[in-house]
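In my numbering, the protein residues as written are -7 to 139.
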């Protein structure tokens, strides 16, 4: 992420990409405690509309968070997430990336600003798998960065 002052409403960015692995799903199930069979039981998942195991929705959001481009010291805090929708399944072996667009920006106290991004998570075929609005508190510029 750039600094608050670097963004304008309508700016767009595309993240790097990352492949979702079976290991990701197993580790996420372990630390979240979500062992729902759609994610962890291949035989169960065969009989679902997806036909195979899929990644947890929150795993997809977590990976997307890690894909966001970062500028050292620009991000002060993750402020929130609104309007989360899972619009498609992410399967083992899918490679996802994030397409972001600045929807809003507001000044905030203490040399910071709040940016709202439309976040569209897409797979290697360009199919959207999740959509949300995320809000991030950023330092206004390099001299105001988190110390």
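Here a beta-carbon is modelled for each residue, glycine too, at the ideal position from N, C-alpha and C.
Would you say residue 41 faces chain B, with C-beta separation under 7 Å as the test?
Chain labels in this structure do not include chain B; a single protein chain is all it has.
From 91, 77, 127, 5, residue whose alpha carbon lies closest to that of residue 100
127
DSSP has residue 48 in a bridge; who is on the other side?
Beta-bridge pairing links residue 48 to no other residue.
Can you tell which of 94, 106, 80 has its C-alpha closest to the C-alpha of residue 118?
80
Under 8 Å Cβ to Cβ from residue 123, same chain only, skipping five residues before and after it: list those, please.
75, 76, 77, 79, 110, 111, 112, 113, listed in sequence order.
With 16 other Cβ atoms within 10 Å as the buried cut-off, status of residue 24:
exposed
Kindly give me the distance between the Cβ atoms of residue -6 and residue 56, rounded to whole angstroms, as I take these residues to be in contact under 8 Å.
The pair is not a contact, with the Cβ atoms about 18 Å apart (cut-off 8 Å).
Contact between the segment 3 to 10 and the segment 88 to 96: three or more CB pairs below 8 Å?
Using a C-beta cut-off of 8 Å, the segment 3 to 10 makes contact with the segment 88 to 96, since at least three inter-stretch Cβ pairs fall below that distance.
According to DSSP, which residues form a beta bridge with residue 129?
DSSP links residue 129 through a beta bridge to 69, 106.
Answer yes or no: do residue 130 and residue -4 have a C-beta to C-beta separation smaller than 7 Å?
yes
N-terminal and C-terminal residue of the beta strand (DSSP E) that residue 90 is part of
87 to 100
Option nearest residue 84 by Cα separation, candidates 32, 36, 27:
32
Expressed to the nearest angstrom, what Euclidean distance is found between the alpha-carbon atoms of residue 105 and residue 52?
26 Å
Residues near residue 0 in its chain [Cβ-Cβ closer than 7 Å; skip 5 each side]:
94
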